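Mapping of the sequence shown onto the working numbering: position 89 corresponds to residue 236, and the numbering continues sequentially without gaps.
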Amino acid sequence: MTKNITRSEKKFADPRLLAERAHPQDGEERNDRRSAGRRVRSVTVNLSESPLGWLHARGHLSDRQFDAGEKLRADWERAHLAPRITMRWDATPVSGGKRFAPAGYSETEAQIAAKQRFTSAIDHLGSGLSDIAWRIICGGEGTPAAEKNLGWPARSGKLVLKIALDRLADFYRLPG
Numbered sequence: 148m149t150k151n152i153t154r155s156e157k158k159f160a161d162p163r164l165l166a167e168r169a170h171p172q173d174g175e176e177r178n179d180r181r182s183a184g185r186r187v188r189s190v191t192v193n194l195s196e197s198p199l200g201w202l203h204a205r206g207h208l209s210d211r212q213f214d215a216g217e218k219l220r221a222d223w224e225r226a227h228l229a230p231r232i233t234m235r236w237d238a239t240p241v242s243g244g245k246r247f248a249p250a251g252y253s254e255t256e257a258q259i260a261a262k263q264r265f266t267s268a269i270d271h272l273g274s275g276l277s278d279i280a281w282r283i284i285c286g287g288e289g290t291p292a293a294e295k296n297l298g299w300p301a302r303s304g305k306l307v308l309k310i311a312l313d314r315l316a317d318f319y320r321l322p323g
């Protein structure tokens, strides 16, 4: 009997990407002054999981919202918009091979098309929603860090992100 594996379970398949972190709840006592008398438990954290994937895996985002965020992130990566420190270390493309380009596009054309889609999606969101969407989806910031950097009240970022993801899903014409 085979089990269907969801996207969030696939991320936990490689044990090398997991780390144990102390979580102040129940379990063994810690020996530092801050937690004197409190108990902690160990939690396994997937270090390669994105903030968007974390929210989806815990039921805070619908599949449609998650897919919209992943489409935006894919356009961000395909357009090569992330800052670079040095030269590209990718393998040289094999003659006739296309890494990211859809059928009929060269790699450069696919990069330009992805940049246009990304820019259109961000413009569709507007200034308030695009800030939180970019920080969490493309920048990889956690929701609390994004809220703090934007000067927003605690626990407001998730709600605004969900609104932004719904608009992105409409922009990408995802079925709802």
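Virtual Cβ for every residue (Gly too), placed ideally from N, Cα, C.
Since we're looking at a predicted model, the values are computed, not measured.
* Alpha carbon to alpha carbon, how far is Tyr252 from Ala260? Give it in angstroms, no decimals. => Straight-line Cα distance between these residues: approximately 9 Å.
* Determine the direct distance from the alpha carbon of Trp281 to that of His227, and round the result to whole angstroms. => About 14 Å.
* **Identity of the residue in Glu224, Asn296, Glu256, Thr290 nearest Lys309 by Cα** => Nearest C-alpha to Lys309 among Glu224, Asn296, Glu256, Thr290: Thr290.
* To do: Give the DSSP-derived three-state secondary structure of Ser277 in the structure shown.
  => helix
* Can you give me the start and stop residues for the alpha helix (DSSP H) that Pro291 sits inside? => 290-297
* Asked: Roughly how far, in whole angstroms, is the beta-carbon of Lys305 from the beta-carbon of His207, given that I think they are within contact range, below 8 Å?
  -> 6 Å
* Asked: In its own chain, which residues sit with a C-beta less than 6 Å from the C-beta of Ser277, not counting the 5 before and 5 after it?
  -> Ile269
* As assigned by DSSP and simplified to three states, the class of Thr233 -> coil
* Asked: Less than 8 Å separating the beta-carbons of Pro198 and Gly287?
  -> Yes; because the gap between Cβ atoms is below 8 Å, this pair is in contact.
* **Identity of the residue in Gln258, Pro322, Asp313, Arg314 nearest Thr222 by Cα** => In the sequence under discussion, the amino acid at residue 222 is Asp, which differs from the Thr named in the question. Among Gln258, Pro322, Asp313, Arg314, the Cα nearest to that of Asp222 belongs to Gln258.
* To do: Could you check the C-alpha separation between Ala316 and Ser267 for me, to the nearest Å?
  => 13 Å
* Residue range of the unbroken alpha helix (DSSP H) whose run includes Glu217 -> 210-225
* How big is the Cα-Cα spacing for Cys285 and Ile279? -> Approximately 10 Å between the Cα atoms of the pair.
* Asked: Would you say Arg314 and His271 are within 8 Å of each other, going by their C-beta atoms?
  -> yes
* Asked: Quick one: what does DSSP say Pro322 is sitting in, helix, strand or coil?
  -> Of the three classes helix, strand and coil, the one that applies to Pro322 here is coil, per DSSP.
* Can you list, in chain order, the residues of its chain whose CB lies under 7 Å from that of Gln212, leaving out five sequence neighbours each side? -> Taken in chain order, the residues that qualify are Lys309, Leu312, Asp313, Ala316.
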